[in-house]
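**Q** The structure that follows is given in the form of structure tokens.
In our numbering, the protein residues as written are 15 to 283.
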């Protein structure tokens, strides 16, 4: 059987491909376990600094696989069906926490539908680009559920604003690529063959210009400010980060490289 994820490591840049193309990369038990383990393993992965997330085939991720049958078995053996469902719900939601807490910058390269939990995976990334085939929806209300799930009520208003978020969450409608670009859900639209090269170009710009420690510290402080802290607390975090980073060998190398008009040779030291 094909593995539900494929990870291609290219030095400091990794490409994570959701790999269930026959199901538009919908999330079943095996994929969720693999995703949770993957992001857990990134906390001590100092070699990887930027991760591009995309989907195999014609979809990014169609959310939860509603056709996955009982052959998967229970998610949490030994408990009743209600507890089993609640544990699965908690663990798929916790994936978004794992993505935000991993130290690598995350770029979603959206090649097709990103709906439900797939939309949330894209939202949990630091930035998103897509092709004209990208489309987005959170259609939970259309299934008789609450309109927000898996972090969508948290991420969407911060990324696209309250009005656009309410429109998507209340209606469950499909947002095509051009509208997603206009509302800021994605930052650019590229041709399908250019999607991964465009994401790699963004990632390469990050790893060339940002020191490894500086990048990790920047993601940490962005997470805190987005979560909602005072100006004074943000300044304290920024002050700490600047002093920590300034004492490293990489900071000295960056200054020397600036004088010599070349790219720094980062050592994460």
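Using N, Cα and C, we set each Cβ at its ideal position, and we do this for glycine too.
Can you give me the start and stop residues for the alpha helix (DSSP H) that residue 312 sits inside?
**A** No answer is possible for residue 312: it lies beyond the span of the chain, which begins at 15 and ends at 283.
**Q** Starting from residue 178, trace the beta strand (DSSP E) in both directions and tell me its first and last residue.
**A** Unbroken run through residue 178 is the alpha helix (DSSP H), 176-185; no beta strand (DSSP E).
**Q** Could you round the C-beta distance between residue 143 and residue 123 to whole angstroms and report it? I think they count as a contact, below 8 Å.
**A** At roughly 6 Å, the Cβ-Cβ gap stays under 8 Å, so residue 143 and residue 123 are in contact.
**Q** Mind checking whether residue 65 and residue 28 have CB atoms under 7 Å apart?
**A** In contact: residue 65 and residue 28 (Cβ atoms closer than 7 Å).
**Q** Residues in the same chain with beta-carbon distance under 8 Å from residue 106, minus the five sequence neighbours each way, listed in chain order, please.
**A** Closer than 8 Å at Cβ, skipping near neighbours: 41, 46, 78, 131 and 164.
**Q** Grab the span of the beta strand (DSSP E) containing residue 120 for me, first residue to last.
**A** Segment 119-124, the beta strand (DSSP E) holding residue 120.
**Q** So which of 54, 70, 98 and 59 has the shortest CA-CA distance to residue 43?
**A** For residue 43, the nearest C-alpha among the options comes from 98.
**Q** For a test of the three-state rule: what should DSSP assign to residue 2, helix, strand or coil?
**A** Past the edges of the chain, shown from 15 to 283, lies residue 2, and the structure says nothing about it.
**Q** Buried or exposed for residue 145, please, with buried defined as at least 16 other CB atoms from any protein chain shown within 10 angstroms of its CB.
**A** Buried, since its Cβ has 16 or more Cβ neighbours within 10 Å.
**Q** So, for residue 137: in the same chain, excluding its five sequence neighbours on each side, which residues have a beta-carbon less than 6 Å away from its beta-carbon?
**A** Hits under 6 Å: 169.
**Q** Would you decide whether residue 263 is buried or exposed? Buried here means 16 or more other CB atoms lie within 10 Å of its CB.
**A** With fewer than 16 other Cβ atoms within 10 Å, it is exposed.
**Q** Whose CA, out of 49, 38, 119 and 108, lies closest to the CA of residue 20?
**A** With distances taken between Cα atoms, residue 20 lies closest to 49.
**Q** Leaving out the 5 sequence neighbours to the left and right, which residues in its chain are closer than 6 Å to residue 198 when beta-carbon positions are compared?
**A** Excluding residues within five positions, the ones whose Cβ falls inside 6 Å are 174.
**Q** Name the two residues that bound the continuous beta strand (DSSP E) containing residue 64.
**A** Its beta strand (DSSP E) spans residues 64-69.
**Q** Leaving aside the five residues before and after residue 116 along the sequence, list all residues of the same chain whose C-beta is less than 6 Å from its C-beta, in chain order.
**A** Within the same chain, residue 116 has close Cβ partners 53 and 56.
**Q** Just to check my reading of the structure: residue 156 and residue 186 have Cβ atoms closer than 8 Å, yes? What is that Cβ distance to the nearest angstrom?
**A** Confirmed, Cβ separation roughly 4 Å.
**Q** Within a Cβ cutoff of 8 Å, which residues of the same chain sit near residue 271, ignoring the five residues on either side of it in sequence?
**A** Around residue 271: 277, 278 and 279.
**Q** Taking the straight line between their C-alpha atoms, what separation do you get for residue 111 and residue 238?
**A** Taking the straight line from one Cα to the other gives about 13 Å.
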